[in-house]
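In the UniProt record's numbering, the protein residues as written are 1 to 309.
The structure is reproduced here in structure tokens:
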């Protein structure tokens with residue numbers, strides 16, 4: 001399944017419309033100027049001047065217009081097969097961030113984008129959050145939070161370390177948070193229902209549901225899983241941005257409290273920062289900022305021990 005989005009001139013847009021005229025379909029999207037469907041691809045021309053090619057033949061059809069789409073515009077995914085025209089449906093998407101960062105929480109967000117607001121989300125600046133900078137996401141997130149039904153859950157480090165020490169894997173932690181966030185949004189938008197729910201896949205379907213089998217309410221209806229889901233529907237891209245900004249805001253708070261900027265990730269710079277905190281504030285304070293089971297803990301202790309000598 002691939003998506004390719006091109007920005008074309010008016011002359012080129014008219015050529016696209018003429019080319020696919022015999023395959024024209026009716027679209028309920030108010031931002032769609034023209035839609036067509038061929039055997040393996042849906043083509044949508046938007047009033048913004050963008051054209052989306054979605055389906056297995058997306059790259060082939062886009063290439064017909066003299067523009068070879070960049071590699072990052074083509075989304076190769078693993079997971080459930082999505083229905084034709086999925087990108088234009090009403091979808092509740094969910095995503096998470098912070099799982100690979102030594103400092104900071106795990107944040108999970110779910111966001112509902114109805115079909116008639118899909119193009120609005122794009123106009124607000126939504127795209128794959130991996131193509132956006134943190135600064136840009138901070139600018140976009142307030143509009144998304146004000147426009148779309150959503151829920152953010154932040155699992156801070158003290159609670160994370162507690163459940164992790166009890167044997168919970170990151171997969172179980174994420175599954176529980178996703179299920180809870182989805183439940184919140186479904187309750188908020190009721191009685192309206194999304195056509196589908198799309199979870200950015202971090203575990204196979206069976207494993208995901210095994211993780212949450214003891215939950216009193218488990219979201220199952222019309223749930224799909226796919227990797228790189230933020231490139232398949234704007235709802236997941238919105239959720240990804242909202243989750244990322246929630247993570248950044250918590251990191252800001254923690255940095256201010258620590259008296260230094262806490263680095264993201266889990267590399268050498270993180271080890272150095274953790275060692276400084278360990279020497280200045282002690283082990284208990286460091287634990288409150290980090291995912292203790294990461295190897296960074298041992299590395300920070302080793303660096304701090306050397307500096308004490």
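C-beta: ideal position from N, C-alpha, C; glycine also.
Would the stretch 40-59 and the stretch 10-21 be scored as touching if the rule is three or more Cβ pairs under 8 angstroms?
yes
Kindly indicate the opening and closing residues of the alpha helix (DSSP H) around residue 248.
Locating residue 248 in the chain shown gives position 248, counting from the first residue. Run containing residue 248: 234-258, per the alpha helix (DSSP H) assignment.
Taking all protein chains shown into account, do 16 or more other C-beta atoms lie within 10 angstroms of the C-beta of residue 122, making it buried, or fewer, making it exposed?
For the purposes of this step, residue 122 is identified with residue 122 of the chain shown, where counting begins at 1. Classification for residue 122: buried.
Should the stretch 85-104 be regarded as contacting the stretch 207-217, the criterion being three or more beta carbon pairs within less than 8 angstroms?
No, because fewer than three Cβ pairs between the stretch 85-104 and the stretch 207-217 fall closer than 8 angstroms, the two stretches do not touch.
Pairwise C-alpha distance: residue 195 and residue 153:
One-based indexing of the chain shown puts residue 153 at position 153. One-based indexing of the chain shown puts residue 195 at position 195. Approximately 23 angstroms between the Cα atoms of the pair.
Span of the alpha helix (DSSP H) holding residue 139?
For the purposes of this step, residue 139 is taken as residue 139 along the chain shown, with counting starting at 1. Looking at the DSSP string, the run of the alpha helix (DSSP H) that includes residue 139 is 134-147.
What residue from 187, 190, 227, 222 has the CA that sits closest to residue 202's CA?
Residue mapping note: residue 202 aligns to position 202 of the chain shown, counting from 1. It is 227.
Touching by the beta-carbon criterion (3+ pairs, under 8 angstroms), the stretch 132-144 and the stretch 219-226:
The stretch 132-144, when compared against the stretch 219-226, does not touch it at the 8 angstroms Cβ threshold.
If we ignore side chains and look at the alpha-carbon of each, how far apart do residue 287 and residue 185 end up?
Stepping through the chain shown from its first residue, residue 287 is reached at position 287. Stepping through the chain shown from its first residue, residue 185 is reached at position 185. Distance between the alpha carbons of residue 287 and residue 185: 32 angstroms.
Can you give me the C-alpha to C-alpha distance between residue 80 and residue 257, rounded to a whole angstrom?
Here residue 80 refers to the residue found at position 80 when the chain shown is read from its first residue. Here residue 257 refers to the residue found at position 257 when the chain shown is read from its first residue. Answer to the nearest angstrom: the Cα atoms are 43 angstroms apart.
Less than 7 angstroms between the C-beta atoms of residue 212 and residue 176, yes or no?
Position 212 of the chain shown, counted from the first residue, corresponds to residue 212. Position 176 of the chain shown, counted from the first residue, corresponds to residue 176. Taking 7 angstroms as the Cβ cut-off, residue 212 and residue 176 qualify as a contacting pair.
Residue 200 and residue 245 - do their beta-carbons sit closer together than 7 angstroms?
In the chain shown, the residue the question calls residue 245 occupies position 245. In the chain shown, the residue the question calls residue 200 occupies position 200. It is not a contact, given that the beta carbons lie outside the stated cut-off.
Per DSSP, cross-strand counterpart(s) of residue 96:
If you number the chain shown from 1, residue 96 lands on position 96. 108, per the DSSP bridge assignment.
Quick one: what does DSSP say residue 212 is sitting in, helix, strand or coil?
Taking the chain shown and counting its residues from 1, the one referred to as residue 212 is at position 212. Here residue 212 sits in coil by DSSP.
Tell me residue 32's beta-bridge partners as DSSP assigns them.
Along the chain shown, read from residue 1 onward, the residue named residue 32 stands at position 32. Residue 32 pairs with 46.
Residue 57 to residue 65 span [Cα, whole Å]
Locating residue 57 in the chain shown gives position 57, where the first residue counts as 1. Locating residue 65 in the chain shown gives position 65, where the first residue counts as 1. Their backbone Cα atoms lie some 14 angstroms apart in a straight line.
With 16 as the cutoff for other CB atoms within 10 Å, does residue 191 come out buried or exposed?
As a first step, residue 191 must be located in the chain shown, where it is residue number 191. Answer is exposed; the Cβ neighbour count stays below 16.
Given a cut-off of 7 angstroms on the beta-carbon distance, is the pair residue 53 and residue 4 in contact?
Numbered from its first residue, the chain shown carries residue 53 at position 53. Numbered from its first residue, the chain shown carries residue 4 at position 4. Against a cut-off of 7 angstroms, the Cβ pair of residue 4 and residue 53 comes out as a contact.
With C-beta atoms as the reference, is residue 7 less than 7 angstroms away from residue 49?
Here residue 7 refers to the residue found at position 7 when the chain shown is read from its first residue. Here residue 49 refers to the residue found at position 49 when the chain shown is read from its first residue. A contact, by the Cβ cut-off of 7 angstroms.
Unbroken beta strand (DSSP E) run spanning residue 277, endpoints
Numbered from its first residue, the chain shown carries residue 277 at position 277. Premise fails: residue 277 lies in the alpha helix (DSSP H), 268-281, not in any beta strand (DSSP E).
What separation, rounded to the nearest whole angstrom, lies between the Cα atoms of residue 300 and residue 252?
Numbered from 1 along the chain shown, position 300 holds the residue referred to as residue 300. Numbered from 1 along the chain shown, position 252 holds the residue referred to as residue 252. Going from the Cα of residue 300 to the Cα of residue 252 covers about 21 angstroms.
Whose C-alpha, out of 291, 90, 283, is nearest the C-alpha of residue 302?
Locating residue 302 in the chain shown gives position 302, counting from the first residue. Considering only alpha carbons, the answer is 283.
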